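Asker: Those letters in the sequence shown? Residues 1184 to 1578, by this note's numbering.
Ideal Cβ placement from N, Cα and C applies to all residues, glycine included.
Note that the structure is predicted; figures quoted are calculated from it, not measured.
I have a structure I would like to understand better, so I am pasting it below and will then ask my questions one at a time.
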Amino acid sequence: MVAAALRQGDKMIINMGPSHPATHGTVKFVLTLDGETVDDIDIHIGYLHRGFEKMSEQGTWQQVLPYTDRLNYVSPLCNNVGYVMAVEKLMGVQITPRCSYIRMLVCEISRVTDHLTALAAGALELGGFTPFLYGVEARETLYPIVEELCGARLTTSYTRIGGLRSDLPDGYGDHVIAAMDKVLSLLDKMDKLLTKNRIFYDRMIGTGQLSQQDAIACGVTGVMLRSAGVDWDLRKHQPYLHYNELDFDVILGHQGDNYDRYLCRFEEIHQCNKMIRQMLRQMPGGPVNVGDWQVVLPPKAAVYNSIEGMIAHFKLTIDGHQVPAGEAYQAVEGGNGEVGFYVVSQGNGRPYKVHVRAPCYYAMGVLKKLVVGGMLADIVPTFDTLNMIGGEVDR
């Protein structure tokens, strides 16, 4: 019957998802096919909606932090940093130089794990099982580094308003360098198996193409935007923390296709490695937290041995940070683009509003432009190069 319908020129409508092995998350595509050609796609998101923004209004400003881990759970430290920077901007808090450098360090480590996940998954979907294993091994090399820092691999909650949970452990810099050396070695093996592989090249080149005009009009950022040739990276063009003190290049593509997005992620890992080594060399000394007990919790010794310390701890824990009334927006360069937090305060210890600008949401909005008119088989590699993270899209 299907063959007869196709002979008559009828189009076929099929469902892909929401639990399809190629979607890497709960998303559903309703595809209209003309033979093997994609005539239309209706994208259904929201299956992982948990009410992040509404839940953020129920607790103190600090209690929002664990929710940010669950947005892009592949690079949660970028979310942690972006959120506390937004609150600090509203409070007028100036963090210490060492805190700033450590925040940059953990963001770049998170970016590498994010890119490795995207590269490995993309290779697997096209039959590259060996490079997939190399990518996963490289990512698993970095997760113990994150765990050493904060005790968790994914749900980190490492930052604090006004500082960090703790300083770097002894010898941490050496561990990071050793881990990055292994990551680069595994990345080189992936490169040899994938980049000039004829089958991989033919499947990626010219598919999922996005023009500069469409990229800008649709609000995509990060690798999606830069692969189309648009020179825009928040770390370079709107530097925050101390990124203006680092030497690194913005990696650009030319065609905006799947292959360019693959190459951009690949080369950005090398740029992250370059920045990580610079940060460790230039890491300043001093405290990681500001000295104001109205912003950060007092040390345990002060809590247990002085009435002032005990009162400060009690008030900050129970009442929360007393953030001045107003609103602020702070964006950081996440693994998939601009992660922005818009926070509104009414002058008390609980947020009135926390809104997140999720880069994956905009990437999903442009997916239709990338696949309509192409082949059914090209949907999977195209979707993989978007690196859609369900927790970030649905919130």
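(1) Would you say the stretch 1317-1325 touches the stretch 1297-1309, given that touching needs at least three Cβ pairs under 8 Å?
(2) If you draw a straight line from the alpha carbon of Ile1285 to that of Leu1351, how long is it in whole angstroms?
(3) Among the candidates Thr1209, Val1554, Lys1457 and Asp1193, whose CA atom is the shortest distance from the CA of Asp1364?
(4) At 4 residues or longer, and completely inside the stretch 1267-1347: list those alpha helix (DSSP H) runs for me, N to C.
(5) Compute the beta-carbon to beta-carbon distance between Ile1344 and Val1478, rounded to the nearest angstrom, for a pair I have assumed lies under 8 Å.
(6) Does the Cβ of Gly1175 have 16 or more other Cβ atoms within 10 Å, making it buried, or fewer, making it exposed?
(7) Beta-carbon within less than 7 Å of Ala1484's beta-carbon, same chain only, minus the 5 sequence neighbours each way: which residues are those?
(8) Would you say Gly1405 and Leu1553 are within 8 Å of each other, going by their C-beta atoms?
(9) Among the residues of its own chain, which have a CB less than 8 Å from the CB of Asp1440, if the five just before and after it don't count?
(10) Does DSSP put Phe1431 in a helix, in a strand, or in coil?
(11) If you check the beta carbons only, do Val1537 and Val1359 fall under 8 Å apart?
(12) Give the secondary structure of Asp1416 by DSSP, where H, G and I count as helix, E and B as strand, and everything else as coil.
(13) Can you tell me the Cα-Cα spacing of Tyr1266 and Val1210, whole angstroms?
(14) Distance check for Asn1488 and Gly1574, CA to CA, integer angstroms please.
(15) Could you give the DSSP three-state label for Leu1569: helix, strand or coil?
(16) For the beta strand (DSSP E) holding Thr1215, just list the boundary residues, first then last.
(17) From which residue to which residue does the alpha helix (DSSP H) around Asn1456 run?
(18) With 16 as the cutoff for other CB atoms within 10 Å, does Thr1500 come out buried or exposed?
(19) Which residues does DSSP list as the beta-bridge partners of Met1558?
(20) Under DSSP, the beta strand (DSSP E) around Ile1196 begins and ends at which residues?
(21) Could you tell me if the beta carbon of Gly1305 falls within a distance shorter than 7 Å of some heavy atom in the ligand FAD?
(22) Buried or exposed for Arg1181, please, with buried defined as at least 16 other CB atoms from any protein chain shown within 10 angstroms of its CB.
(23) For a minimum of 4 consecutive residues, which ranges assigned as the alpha helix (DSSP H) are wholly contained in the stretch 1367-1418?
(24) Under the assumption that Val1515 contacts Val1264 (Cβ atoms under 8 Å), give the Cβ distance between them as a whole number of angstroms.
(25) According to DSSP, simplified to helix, strand and coil, what is Ile1360?
(26) Using three-state DSSP, classify His1484 as helix, strand or coil.
(27) On the CB-based measure, 16 or more other CB atoms within 10 Å of its CB, does Gly1523 come out buried or exposed?
(28) Within this structure, are the beta carbons of Ser1283 and Leu1424 separated by less than 8 Å?
(29) Could you tell me the alpha carbon to alpha carbon distance between Leu1429 and Tyr1384, rounded to whole angstroms?
(30) Which residues in the same chain as Phe1431 place their Cβ atom closer than 7 Å to its Cβ, once the five residues preceding and following it in sequence are excluded?
Answerer: From the atom records:
(1) yes
(2) Residue 1285 sits at position 102 when you count from the first residue of the sequence shown. Residue 1351 sits at position 168 when you count from the first residue of the sequence shown. For Ile1285 and Leu1351, the distance between alpha carbons rounds to 8 Å.
(3) For the purposes of this step, residue 1364 is taken as the residue at position 181 of the sequence shown. Of Thr1209, Val1554, Lys1457 and Asp1193, the residue nearest in Cα terms is Lys1457.
(4) 1280-1308 and 1312-1333
(5) Position 161 of the sequence shown, counting from 1, holds the residue named residue 1344. Position 295 of the sequence shown, counting from 1, holds the residue named residue 1478. About 6 Å separates the two Cβ atoms, so the contact holds.
(6) The structure shown does not extend to residue 1175, since the chain spans only 1184 to 1578, so no value can be given for it.
(7) Taking the first residue of the sequence shown as 1, we reach residue 1484 at position 301. Correct list: empty, nothing qualifies.
(8) One-based indexing of the sequence shown puts residue 1405 at position 222. One-based indexing of the sequence shown puts residue 1553 at position 370. Going by C-beta atoms, Gly1405 is not nearer than 8 Å to Leu1553.
(9) By 1-based counting over the sequence shown, the position of residue 1440 is 257. Here the set comprises Met1387, Ile1388, Gly1389, Thr1390, Gly1391, Gln1392, Leu1393 and Ser1410.
(10) Taking the first residue of the sequence shown as position 1, residue 1431 is located at position 248. Residue state, collapsed to three classes: coil.
(11) Locating residue 1537 in the sequence shown gives position 354, where the first residue counts as 1. Locating residue 1359 in the sequence shown gives position 176, where the first residue counts as 1. Not a contact, by the Cβ cut-off of 8 Å.
(12) Residue mapping note: residue 1416 aligns to position 233 of the sequence shown, counting from 1. In this structure, Asp1416 counts as coil in the three-state DSSP scheme.
(13) Locating residue 1266 in the sequence shown gives position 83, counting from the first residue. Locating residue 1210 in the sequence shown gives position 27, counting from the first residue. Looking at the two C-alpha atoms, the distance is approximately 26 Å.
(14) Here residue 1574 refers to the residue found at position 391 when the sequence shown is read from its first residue. Here residue 1488 refers to the residue found at position 305 when the sequence shown is read from its first residue. Cα-Cα distance, rounded: 43 Å.
(15) The residue you call residue 1569 lines up with position 386 of the sequence shown. Looking at Leu1569 - three-state DSSP - the assignment turns out to be helix.
(16) Here residue 1215 refers to the residue found at position 32 of the sequence shown. Lys1211 to Asp1217 is the span of the beta strand (DSSP E), which, as asked, contains Thr1215.
(17) Your numbering for residue 1456 matches position 273 in the sequence shown. Note, Asn1456: alpha helix (DSSP H), Asn1441 to Gln1465.
(18) On the sequence shown, position 317 is the one that residue 1500 refers to. Thr1500 should be labelled exposed.
(19) Position 375 of the sequence shown holds residue 1558. Met1558 is bridged to Thr1220.
(20) In the sequence shown, the residue the question calls residue 1196 occupies position 13. Met1195 to Met1199 is the span of the beta strand (DSSP E), which, as asked, contains Ile1196.
(21) With respect to small molecules bound, the structure shown includes none, and the ligand FAD cannot be examined in it.
(22) Since the first residue of the chain shown is 1184 and the last is 1578, residue 1181 is not available in this structure.
(23) 1381-1387, 1395-1400 and 1406-1409
(24) To locate residue 1515, count along the sequence shown from 1; it is residue 332. To locate residue 1264, count along the sequence shown from 1; it is residue 81. Confirmed, Cβ separation roughly 6 Å.
(25) Taking the first residue of the sequence shown as position 1, residue 1360 is located at position 177. Note: Ile1360 maps to helix in three-state DSSP.
(26) Along the sequence shown, one-based indexing puts residue 1484 at 301. Per the sequence shown, the amino acid found at residue 1484 is Ala instead of His. DSSP places Ala1484 in helix when its eight states are reduced to three.
(27) The residue labelled residue 1523 in the question sits at position 340 within the sequence shown. Per the 10 Å Cβ criterion, buried.
(28) Within the sequence shown, numbered from 1, the residue matching residue 1283 stands at position 100. Within the sequence shown, numbered from 1, the residue matching residue 1424 stands at position 241. Their beta carbons are under 8 Å apart, which means Ser1283 touches Leu1424 by this criterion.
(29) In the sequence shown, residue 1429 corresponds to position 246, counting from 1. In the sequence shown, residue 1384 corresponds to position 201, counting from 1. If I take the Cα positions, the gap works out to 33 Å.
(30) On the sequence shown, residue 1431 is found 248 positions in, with the first residue counted as 1. Counting only Cβ-Cβ distances below 7 Å, and skipping sequence neighbours, we find Gln1454, Lys1457 and Met1458.
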